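Everything on this sheet refers to the single structure shown next.
Residue numbers (the numbering used here): 343 to 989.
Okay, structure coming up:
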């Protein structure tokens with residue numbers, strides 16, 4: 343049976359179409375043609391959606407879980423509350439011209455000013471903050487003039503257009519005609535080939551951002567020429583996967599969703615160019631994939647550059663609000679409710695990181711922003727706060743509070759799947775007990791092994807939300823001495839120790855992943871690592887049994903090794919709050935001041951656990967670890983997050 347795009351996606355959403363349970367997908371060659379009928383492009387170049395069976399299974403499980411469901415109690419005004427805190431803080435840092443000045447850098451950085459304008463415009467038109475209009479208009483004055491003249495801060499012109507047009511769209515009937523005419527003139531005289539940083543043929547997410555702005559210029563009547571935009575989209579098409587994900591350089595997960603955010607915005611604004619049909623299908627696949635990758639705390643998965651930044655969850659929120667509305671319009675309230683729930687989980691995640699001064703810690707730690715702990719070299723307090731604010735503002739404009747929350751995959755679970763070779767991750771979830779594994783880490787950002795364990799009742803940074811890499815490309819006060827994840831190490835014949843966490847994507851082949859059981863009550867799967875393993879090892883096996891309250895792991899190291907260790911990372915601090923670490927006998931734990939804890943227990947014949955006694959810096963703060971050691975080739979242990987006691 344041959345299915346049209348519409349029938350395929352309708353069946354997928356309804357849970358009536360099951361794709362083969364496969365982890366393989368093909369990649370598009372650089373010379374792929376674009377002359378097929380639009381409905382066939384994705385099918386011909388990328389094949390079926392690999393997670394269709396998982397989505398269909400979730401749809402069935404969602405019906406069974408509805409009776410135990412508790413809503414978040416949030417509505418769309420929570421987007422405005424967070425946005426307003428950020429905008430009010432940075433309004434105090436606006437110069438006379440209208441530019442936003444970073445309080446730490448003491449100058450305008452990147453796209454802070456257009457992001458401020460976008461966020462402030464939504465606050466004004468919503469009625470949430472009517473007094474912000476003068477500062478909003480000043481920001482529009484400065485940013486539109488700079489864009490039109492090709493003088494954007496830090497040469498970040500690609501990012502200006504879409505946010506300025508979003509602000510322009512909601513303000514145009516609410517500001518004086520003379521001022522609007524100046525903005526319109528500045529935006530109309532933009533010459534893409536001269537103003538944007540990259541040629542349209544460049545394979546960069548920057549051009550997707552600019553393309554979304556160019557489409558808005560066309561929709562607003564500021565240009566009739568879409569040539570630059572269509573060439574830019576042509577160049578990006580080879581970077582999409584069968585999962586509907588975008589492959590930025592080195593596969594960072596934050597920039598997969600970042601790219602999709604801007605394409606979704608184009609679709610919302612009725613993009614009807616030559617790639618419209620393919621992009622609609624790709625974005626819908628990607629939205630379902632993101633729903634399955636989301637943690638029960640609403641977090642976007644870690645992996646690669648710009649991980650753990652608050653704008654990650656803000657872009658999720660907008661995407662999920664958009665698809666909540668899309669499915670509601672199709673009459674599919676169950677899917678709409680799942681996306682609505684996922685959007686609000688994203689919103690709850692961001693709210694945890696609001697500072698007393700109103701703005702956000704831009705990275706998920708609570709160090710003084712002046713220390714730049716966990717920042718990329720391009721991360722600044724102004725631009726990444728205001729980028730989050732702009733995305734939250736657009737999520738508000740997309741949100742429909744008439745859509746009722748329904749259970750979403752992050753809380754139900756019942757699945758395990760792998761993304762490879764692109765992204766090299768395994769995700770598993772049993773009833774909200776969530777795992778993320780990196781099978782071939784980019785060592786500039788992550789270690790190989792089990793990176794993330796999230797439990798819905800425990801602080802997600804406490805249960806570990808990432809590992810330590812000894813070669814971080816992001817900023818740390820002190821370089822770590824080792825790489826660290828929940829994974830084994832082994833001793834060679836000369837007595838030296840080698841950790842799986844230290845082996846990166848250059849050393850390892852794609853992992854063998856075998857899933858043997860999938861239900862919300864129990865997931866069983868195995869990951870086998872191989873390649874240029876050091877220290878005499880020929881393969882490393884990690885077998886996982888995951889239930890809603892406990893994870894059991896069996897690590898086996900094959901080859902000429904003398905001993906095996908299992909490493910158990912323990913959070914020391916998130917930059918503000920310190921934990922209580924206890925290591926004794928077979929157990930190790932880190933307990934937060936709220937009473938929640940991450941606990942480990944060695945199983946089988948092992949020596950008493952040993953505490954490393956280190957403080958290794960990573961994105962979320964600092965980690966110590968305990969380890970168990972055995973002379974056997976196999977190590978067994980349990981991971982059990984302990985929720986805080988309810989009052």
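All C-beta atoms in this analysis are idealised placements derived from N, C-alpha and C, irrespective of residue type, glycine included. Note that the structure is predicted; figures quoted are calculated from it, not measured.
TODO: May I ask which residues mark the beginning and end of the beta strand (DSSP E) holding residue 861?
DONE: Residue 861 sits at position 519 when you count from the first residue of the chain shown. Start and end: 854–861.
Task: Where residue 886 falls: helix, strand or coil (DSSP) - done: In the chain shown, the residue the question calls residue 886 occupies position 544. Strand, per DSSP.
Open item on the list: Please state the DSSP three-state secondary structure of residue 703.
Closed with: Along the chain shown, read from residue 1 onward, the residue named residue 703 stands at position 361. DSSP places residue 703 in coil when its eight states are reduced to three.
Open item on the list: Just verifying my parser: in three-state terms, what is the DSSP assignment at residue 879?
Closed with: As a working note, residue 879 is residue 537 in the chain shown. In the structure shown, residue 879 sits in a strand (DSSP, three-state: E or B).
Task: Buried versus exposed call for residue 372 [16 or more other C-beta atoms within 10 Å across all chains shown] - done: On the chain shown, residue 372 is found 30 positions in, with the first residue counted as 1. Annotation note: pLDDT 33 at residue 372 (below 50); position unreliable, no value reported.
Open item on the list: Am I right that residue 879 and residue 903 are in contact with their C-beta atoms under 8 Å? What's the rounded C-beta distance?
Closed with: Taking the first residue of the chain shown as position 1, residue 879 is located at position 537. Taking the first residue of the chain shown as position 1, residue 903 is located at position 561. Confirmed, about 6 Å.
Open item on the list: Going by C-alpha to C-alpha distance, which of 529, 568, 599 and 512 sits closest to residue 547?
Closed with: Against the chain shown, residue 547 aligns to sequence position 205. When the alpha-carbon of residue 547 is set against those of 529, 568, 599 and 512, the nearest one is in 599.
Open item on the list: Quick check for students: name the residue ranges of the alpha helix (DSSP H) that lie wholly in the stretch 644–701, counting only runs of 4 or more.
Closed with: 652–671 and 675–693
- [ ] Please list, in chain order, all residues of the same chain as residue 745 whose beta carbon is under 6 Å from its beta carbon, the five residues on each side excluded.
- [x] The count along the chain shown starts at 1 and reaches residue 745 at position 403. Excluding positions up to five away in sequence, the list reads 666, 670, 678 and 682.
Task: Cβ contact (3+ pairs, closer than 8 Å) linking the stretch 921–933 and the stretch 811–831 - done: no
TODO: Quick one: grab the DSSP three-state call for residue 864.
DONE: For the purposes of this step, residue 864 is taken as residue 522 along the chain shown, with counting starting at 1. Strand.
- [ ] Flag this pair as yes or no: are the beta carbons of residue 485 and residue 502 separated by less than 8 Å?
- [x] Working through the chain shown from its first residue, we reach residue 485 at position 143. Working through the chain shown from its first residue, we reach residue 502 at position 160. Yes, the pair counts as a contact, with Cβ atoms nearer than the cut-off.
Open item on the list: Within the continuous beta strand (DSSP E) that includes residue 767, where are the two ends?
Closed with: Position 425 of the chain shown holds residue 767. Run containing residue 767: 767–772, per the beta strand (DSSP E) assignment.
TODO: Please name the residue, chosen from 658, 567 and 513, that lies closest to residue 597 on a Cα-to-Cα basis.
DONE: Taking the first residue of the chain shown as 1, we reach residue 597 at position 255. The shortest Cα separation from residue 597 among 658, 567 and 513 belongs to 658.
Open item on the list: I'd like to know if the stretch 442–455 and the stretch 494–511 are in contact, where contact means that at least 3 CB-CB pairs between them fall below 8 Å.
Closed with: yes
TODO: Determine the direct distance from the alpha carbon of residue 973 to that of residue 901, and round the result to whole angstroms.
DONE: Translated into positions along the chain shown, residue 901 becomes position 559. Translated into positions along the chain shown, residue 973 becomes position 631. Their Cα atoms are separated by approximately 13 Å.
- [ ] Have a look at 556, 847 and 733 and flag the residue whose alpha-carbon is nearest the alpha-carbon of residue 529.
- [x] On the chain shown, residue 529 is found 187 positions in, with the first residue counted as 1. When only C-alpha atoms are compared, the closest one is 556.
Open item on the list: Going by DSSP, what residue range makes up the alpha helix (DSSP H) through residue 598?
Closed with: The residue given as residue 598 occupies position 256 in the chain shown. From DSSP, the alpha helix (DSSP H) with residue 598 extends over 595–610.
TODO: Compute the Euclidean distance between the alpha carbons of residue 753 and residue 592, then round it to the nearest angstrom.
DONE: Taking the first residue of the chain shown as 1, we reach residue 753 at position 411. Taking the first residue of the chain shown as 1, we reach residue 592 at position 250. Roughly 29 Å between the two C-alpha positions.
Task: Alpha carbon of residue 460 to alpha carbon of residue 743, nearest angstrom - done: In the chain shown, counting from the first residue as 1, residue 460 sits at position 118. In the chain shown, counting from the first residue as 1, residue 743 sits at position 401. Rounded to the nearest whole angstrom, the CA to CA distance from residue 460 to residue 743 is 22 Å.
Task: the stretch 719–726 contacting the stretch 824–839, beta-carbon criterion three pairs below 8 Å - done: Judged by pairs of C-beta atoms under 8 Å, the stretch 719–726 does not touch the stretch 824–839, as fewer than three such pairs exist.
Open item on the list: Assuming residue 486 is part of the alpha helix (DSSP H), what are its boundary residues?
Closed with: Stepping through the chain shown from its first residue, residue 486 is reached at position 144. 475–491 is the extent of the alpha helix (DSSP H) around residue 486.
Task: Bounding residues of the beta strand (DSSP E) (the contiguous stretch that carries residue 895) - done: As a first step, residue 895 is located in the chain shown; it is residue number 553 there, counting from the start. Taken as a continuous stretch (DSSP letters only), the beta strand (DSSP E) holding residue 895 covers 893–901.
Open item on the list: Which of the three DSSP states is assigned to residue 968 in this structure?
Closed with: Position 626 of the chain shown, counted from the start, is the residue given in the question as residue 968. DSSP places residue 968 in strand when its eight states are reduced to three.
- [ ] For residue 522, collect the residues of the same chain with a Cβ closer than 7 Å to its Cβ; drop the 5 residues on either side in sequence, then sort them by chain order.
- [x] Here residue 522 corresponds to residue number 180 of the chain shown, with the count starting at 1. Taken in chain order, the residues that qualify are 514.
Task: Extent of the continuous beta strand (DSSP E) to which residue 959 belongs - done: Indexing the chain shown from 1 puts residue 959 at position 617. Its beta strand (DSSP E) spans residues 958–960.
Open item on the list: Strictly by DSSP, which residues pair up with residue 977?
Closed with: If you number the chain shown from 1, residue 977 lands on position 635. DSSP, once it has assigned bridges, lists 897 as partnering residue 977.
Open item on the list: Within a Cβ cutoff of 7 Å, which residues of the same chain sit near residue 935, ignoring the five residues on either side of it in sequence?
Closed with: Along the chain shown, one-based indexing puts residue 935 at 593. Excluding residues within five positions, the ones whose Cβ falls inside 7 Å are 919.
Task: Inter-residue Cα distance where the pair is residue 366 and residue 553 - done: Numbered from 1 along the chain shown, position 24 holds the residue referred to as residue 366. Numbered from 1 along the chain shown, position 211 holds the residue referred to as residue 553. Confidence at residue 366 is low in this model, with a pLDDT of 27, below 50, so its placement is unreliable and the value that follows should be read with caution. Each residue's alpha carbon lies about 31 Å from the other.
TODO: Could you spell out the range, first to last residue, of the beta strand (DSSP E) harbouring residue 830?
DONE: By one-based count along the chain shown, residue 830 stands at place 488. Counting along the chain, the beta strand (DSSP E) containing residue 830 begins and ends at 830–833.
TODO: Tell whether a beta-carbon distance below 8 Å holds between residue 923 and residue 963.
DONE: The residue given as residue 923 occupies position 581 in the chain shown. The residue given as residue 963 occupies position 621 in the chain shown. Against a cut-off of 8 Å, the Cβ pair of residue 963 and residue 923 comes out as no contact.
Task: Whole-angstrom distance between residue 755 and residue 575, CA atom to CA atom - done: Within the chain shown, numbered from 1, the residue matching residue 575 stands at position 233. Within the chain shown, numbered from 1, the residue matching residue 755 stands at position 413. Using only the alpha carbons, I get a separation of about 35 Å.
- [ ] State whether the stretch 695–705 contacts the stretch 565–572, with contact taken as three or more CB pairs (one from each stretch) at a distance under 8 Å.
- [x] no
Task: Contact set for residue 602: own chain, Cβ-Cβ below 7 Å, skip 5 residues either direction - done: Looking up residue 602 in the chain shown gives position 260. Counting only Cβ-Cβ distances below 7 Å, and skipping sequence neighbours, we find 588, 625, 628 and 661.
- [ ] Return the residue from the list 561, 526 and 570 that minimises the CA-CA distance to residue 534.
- [x] As a position in the chain shown, residue 534 is number 192, starting the count at 1. Ranking the options by Cα distance to residue 534, first place goes to 570.
Task: Distance between residue 767 and residue 288 (C-alpha atoms, nearest Å) - done: Because the chain here runs from 343 to 989, residue 288 falls outside it and cannot be looked at.
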